[in-house]
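**Student:** The sequence shown finishes on residue 1703 if you use this note's numbering, and the numbering steps up by one all the way, no holes.
Where is the CB? At the ideal position from N, CA and C, for every residue including glycine.
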Amino acid sequence: MREFIIADNQDITKAGMMFLLSNQKETNLLLEAGNKAELIQQLKLHPQAVVVLDYTMFDITSVDELNVLHERFVEADWLLFSDELSIEFLRQVLYNSTAFGVVMKDNSKEEILTALQCAVRKERFICNHVSNLLLMGRSNNNTSIQPTIKDEVLTTSERNILKEIALGKTTKEIAAEKNLSFHTVNSHRKNIFRKLGVNNVHEATKYAMKAGIVDLVEYYI
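1) Does the distance from the CB of D1559 to the CB of D1490 come in under 8 angstroms?
2) Three-state secondary structure (DSSP) at T1653?
3) So, for E1485: in the same chain, excluding its five sequence neighbours on each side, which residues have a beta-carbon less than 6 angstroms away from its beta-carbon?
4) For I1488 versus V1534, is the C-beta distance shorter than 8 angstroms?
5) So, V1545 versus F1571, is the Cβ gap smaller than 8 angstroms?
6) On the criterion of 16 or more Cβ atoms from any shown chain inside 10 Å, does V1575 qualify as buried, or is it exposed?
7) Would you mind reading off the limits of the beta strand (DSSP E) that contains D1559?
8) Does the stretch 1638-1655 come close enough to the stretch 1665-1681 that 3 or more CB-CB pairs lie under 8 angstroms?
9) Rounded to whole angstroms, what is the Cα-Cα separation between F1582 and S1613?
10) Where does the unbroken beta strand (DSSP E) through F1486 begin, and where does it stop?
11) What is the residue span of the beta strand (DSSP E) that F1555 lies within?
12) State the Cα-Cα distance for the pair G1516 and L1548, rounded to the nearest angstrom.
13) Could you check the C-alpha separation between E1685 and V1584 for me, to the nearest Å?
14) Per the DSSP calculation, T1509 is bridged to which residue(s)?
15) Under the assumption that H1644 contacts A1690 (Cβ atoms under 8 angstroms), give the Cβ distance between them as a whole number of angstroms.
16) First and last residue of the beta strand (DSSP E) that includes M1586?
17) Just tell me which of Q1523, N1589, E1508 and S1568 has its CA closest to the CA of C1600.
18) Looking at the structure shown, is L1548 part of a helix, part of a strand, or coil, going by DSSP?
19) If you measure from the beta carbon of M1691 to each beta carbon in chain C, is any gap under 8 angstroms?
20) Looking at C-alpha atoms only, which residue of A1693, R1671, H1552 and D1588 is the closest neighbour of L1521?
21) Where does L1598 sit, in a helix, a strand or coil, going by DSSP?
Have a look at this one:
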């Protein structure tokens, strides 16, 4: 049985994860952390815990900082659990270390539970979505459904935000680069998805490429 630390500052996410884990026989103790200081304090008390971390919504600012935490608490197991993670971040974390597993918040309940069970057994888990995302740069799927391309669908601001999304940047990164609030960029993101009739970053990226908002050369750099 394992101790779990839910490192997330979204109440609804924490509540959902707490509910899932409370029904698992592998769960010994459920703990919460709303920021890095609280996470460090919990890890000092429970150094062998499984940390379920939303990196994009937490006050950890870089891959290096995340690696320092792992190196400081080497007995802990880490599962990244987010709405979105940039391609560059995933490459840095997953290619350079086997310490981190990853599952997305929009994955199925079954896949999330599998990720948690793997973490309990100290086995690395990478969800299908992330595996496909990392491989997407090597594929050129011309048989996918073609979206309707209408330049007037999006405003100039939304096109700019979509371009950044298609280049693999998270809402947090876009907000920092454009000096906007997280909530402003997130609102743009939701509006873009609604207007285009897409459900995820992969579909939005395909639209951006076909609409010429981002070209293949720029995407693969």
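**Tutor:** Straight from the coordinates:
1) The residue given as residue 1559 occupies position 77 in the sequence shown. The residue given as residue 1490 occupies position 8 in the sequence shown. No. Outside cutoff.
2) Here residue 1653 is taken as the residue at index 171 of the sequence shown, counted from 1. DSSP places T1653 in helix when its eight states are reduced to three.
3) Taking the first residue of the sequence shown as 1, we reach residue 1485 at position 3. Taken in chain order, the residues that qualify are N1510, L1511, H1528 and A1531.
4) The residue you call residue 1488 lines up with position 6 of the sequence shown. The residue you call residue 1534 lines up with position 52 of the sequence shown. When the beta-carbon positions are compared, I1488 and V1534 come within less than 8 angstroms of each other.
5) Position 63 of the sequence shown, counting from 1, holds the residue named residue 1545. Position 89 of the sequence shown, counting from 1, holds the residue named residue 1571. Closer than 8 angstroms, so yes.
6) The sequence position of residue 1575 within the sequence shown is 93, counting from 1. V1575 is buried by the Cβ-count criterion.
7) Locating residue 1559 in the sequence shown gives position 77, where the first residue counts as 1. Counted as a single uninterrupted DSSP element, the beta strand (DSSP E) harbouring D1559 occupies residues D1559 to S1564.
8) Cβ pair count under 8 angstroms is three or more, so yes.
9) On the sequence shown, residue 1582 is found 100 positions in, with the first residue counted as 1. On the sequence shown, residue 1613 is found 131 positions in, with the first residue counted as 1. The straight-line gap from Cα to Cα measures roughly 14 angstroms.
10) Locating residue 1486 in the sequence shown gives position 4, counting from the first residue. In the DSSP assignment, F1486 falls within the unbroken beta strand (DSSP E) covering R1484 to A1489.
11) Within the sequence shown, the letter at position 73 stands for residue 1555. Note, F1555: premise wrong, no beta strand (DSSP E); not H, not E.
12) Along the sequence shown, one-based indexing puts residue 1516 at 34. Along the sequence shown, one-based indexing puts residue 1548 at 66. Between G1516 and L1548, the C-alpha separation is close to 16 angstroms.
13) Position 203 of the sequence shown, counted from the first residue, corresponds to residue 1685. Position 102 of the sequence shown, counted from the first residue, corresponds to residue 1584. Rounded to whole angstroms, E1685 to V1584 spans 20 angstroms at the Cα level.
14) Counted from its first residue, the sequence shown places residue 1509 at position 27. T1509 pairs with R1484.
15) By one-based count along the sequence shown, residue 1644 stands at place 162. By one-based count along the sequence shown, residue 1690 stands at place 208. Note that residue 1644 is Leu in the sequence shown, not His. Between L1644 and A1690 a beta carbon distance of about 5 angstroms is seen, short of the 8 angstroms cut, so the two are scored as contacting.
16) Residue numbering aside, residue 1586 sits at position 104 when the sequence shown is read from its first letter. Counting along the chain, the beta strand (DSSP E) containing M1586 begins and ends at F1582 to M1586.
17) Residue mapping note: residue 1600 aligns to position 118 of the sequence shown, counting from 1. Selection Q1523, N1589, E1508 and S1568 evaluated against C1600 yields E1508 as nearest (Cα-Cα).
18) If you number the sequence shown from 1, residue 1548 lands on position 66. Of the three classes helix, strand and coil, the one that applies to L1548 here is helix, per DSSP.
19) Here chain C cannot be found, since the structure has a single protein chain.
20) Within the sequence shown, residue 1521 is the residue found at index 39, counting from 1. Taking L1521 as reference, the option from A1693, R1671, H1552 and D1588 with the minimal CA-CA separation is H1552.
21) Residue 1598 sits at position 116 when you count from the first residue of the sequence shown. Of the three classes helix, strand and coil, the one that applies to L1598 here is helix, per DSSP.
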